[in-house]
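Engineer:
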Amino acid sequence: MQLLRIDTSTRIHDSHSRKVADEFQKQWKSINPAGKVVHRDLVKNPPPHLSDLTIQGFYTPEEAKTPELKDALKLSDEFIAELKASDTVVISLPMYNFGIPSSLKAYIDHISRVNQTFEITEQGVFKPLISTVRKIVFITATGAVFSNPQMQALDFMTPYLKTIFGFLGITNMQVLAIEGSSMDPAAFEKSKADVSRKILEWAD
Ligand SMILES: Cc1cc2nc3c(=O)[nH]c(=O)nc-3n(C[C@H](O)[C@H](O)[C@H](O)COP(=O)(O)O)c2cc1C
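Heads up: the sequence shown runs through residues 1172 to 1375, numbered per our numbering.
So this is what it looks like as structure tokens:
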């Protein structure tokens, strides 16, 4: 069993999303004592934006890839291999400016790759190629409370995550939302308690 944990909050020490990811990992490890945890910290080791060469590599057939193109694909190859080798993926993230952190977007750009994680059939239909990941859990932290119906239209984070990971084939998803960290202390405390309870159900 392998858990892939990805952290993305720029705040290393006081981050709510990182703290909940610690709880999740601890619970997962107690259920899977022999399981392996692979940890990617996208703040301590930020993935670069895609380069011209990396994109050329994405669209060059294997037999035509030069050593330079192969080199430009190394990080993408590594990310995809470890993602496909994982049973469970947990991503902790803050909302920044109504969306996901840019480091996570850069990561997603490296793993969303034609003929590796999705394909386009002869009929021009998109087909996902990740079939090995059993479950993905998003631990989100927001300053405002997006479970309020009047706020939902401003959430460009959760719908995007569901769309892109579903597109790649990971459809068993759970969102553990810590809300109101800077705007609503009561909602914040309640969401933290809810999330801790859900971790006991979901971290298997
Ligand atoms: C640059 C920046 C942008 C933010 N943008 C939003 C936002 O659009 N909506 C929101 O609800 N909270 C926003 N916040 C608040 C964070 O989402 C909130 O503090 C969250 O708890 C951060 O996650 P962390 O505790 O894991 O670091 C923003 C915070 C920062 C630093």
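Backbone N, C-alpha and C define an ideal beta-carbon position, used for all residues, glycine too.
So, for A1243: in the same chain, excluding its five sequence neighbours on each side, which residues have a beta-carbon less than 8 Å away from its beta-carbon?
Structural biologist: For this step, residue 1243 is matched to residue 72 along the sequence shown. Excluding sequence neighbours, A1243 sits near S1222, L1224, T1225, Q1227 and G1228.
Engineer: Does the contact criterion of 3 or more C-beta pairs under 8 Å hold for the stretch 1272-1286 versus the stretch 1312-1319?
Structural biologist: The answer is no - the stretch 1312-1319 does not touch the stretch 1272-1286, with fewer than three Cβ pairs under 8 Å.
Engineer: Applying the 10 Å Cβ sphere with the 16-neighbour rule, what's the burial state of A1192?
Structural biologist: On the sequence shown, position 21 is the one that residue 1192 refers to. Its Cβ being crowded by 16 or more others within 10 Å, A1192 is buried.
Engineer: Which class does L1174 belong to by DSSP, given the choice of helix, strand or coil?
Structural biologist: Here residue 1174 is taken as the residue at index 3 of the sequence shown, counted from 1. Three-state DSSP puts L1174 in a strand.
Engineer: Between the alpha carbons of P1218 and A1312, how many angstroms are there, rounded?
Structural biologist: The residue you call residue 1218 lines up with position 47 of the sequence shown. The residue you call residue 1312 lines up with position 141 of the sequence shown. Cα to Cα, P1218 sits roughly 21 Å from A1312.
Engineer: Measure the alpha-carbon distance for Q1198 versus W1373 and round it to whole angstroms.
Structural biologist: Locating residue 1198 in the sequence shown gives position 27, where the first residue counts as 1. Locating residue 1373 in the sequence shown gives position 202, where the first residue counts as 1. So the alpha carbons of these two residues sit roughly 9 Å apart.
Engineer: What residues match up with T1259 in a beta bridge as DSSP calls it?
Structural biologist: The sequence position of residue 1259 within the sequence shown is 88, counting from 1. Paired residues: L1174 and K1306.
Engineer: On the three-state DSSP scale, how would you describe R1211?
Structural biologist: What you label residue 1211 is simply residue 40 of the sequence shown in a count that begins at 1. Looking at R1211 - three-state DSSP - the assignment turns out to be strand.
Engineer: Reducing DSSP to helix, strand and coil, say where Q1294 ends up.
Structural biologist: Translated into the one-based positions of the sequence shown, residue 1294 becomes position 123. Looking at Q1294 - three-state DSSP - the assignment turns out to be coil, as it is neither helix nor strand.
Engineer: Whole angstroms is fine: what's the gap from A1324's alpha carbon to E1239's?
Structural biologist: Translated into the one-based positions of the sequence shown, residue 1324 becomes position 153. Translated into the one-based positions of the sequence shown, residue 1239 becomes position 68. Distance between the alpha carbons of A1324 and E1239: 44 Å.
Engineer: Per DSSP, which one or two residues make a beta bridge with G1228?
Structural biologist: Residue numbering aside, residue 1228 sits at position 57 when the sequence shown is read from its first letter. Looking at the DSSP assignment, G1228 forms no beta bridge with any residue, so it has no partner.
Engineer: Can you round the beta-carbon distance between E1290 and L1300 to whole angstroms, since I take them to be within the 8 Å contact cut?
Structural biologist: Here residue 1290 refers to the residue found at position 119 of the sequence shown. Here residue 1300 refers to the residue found at position 129 of the sequence shown. Indeed they touch by this definition, with Cβ atoms about 6 Å apart.
Engineer: Going by the CB atoms, is the gap between V1304 and E1253 shorter than 7 Å?
Structural biologist: The residue you call residue 1253 lines up with position 82 of the sequence shown. The residue you call residue 1304 lines up with position 133 of the sequence shown. Result no, Cβ atoms of E1253 and V1304 do not sit closer than 7 Å.
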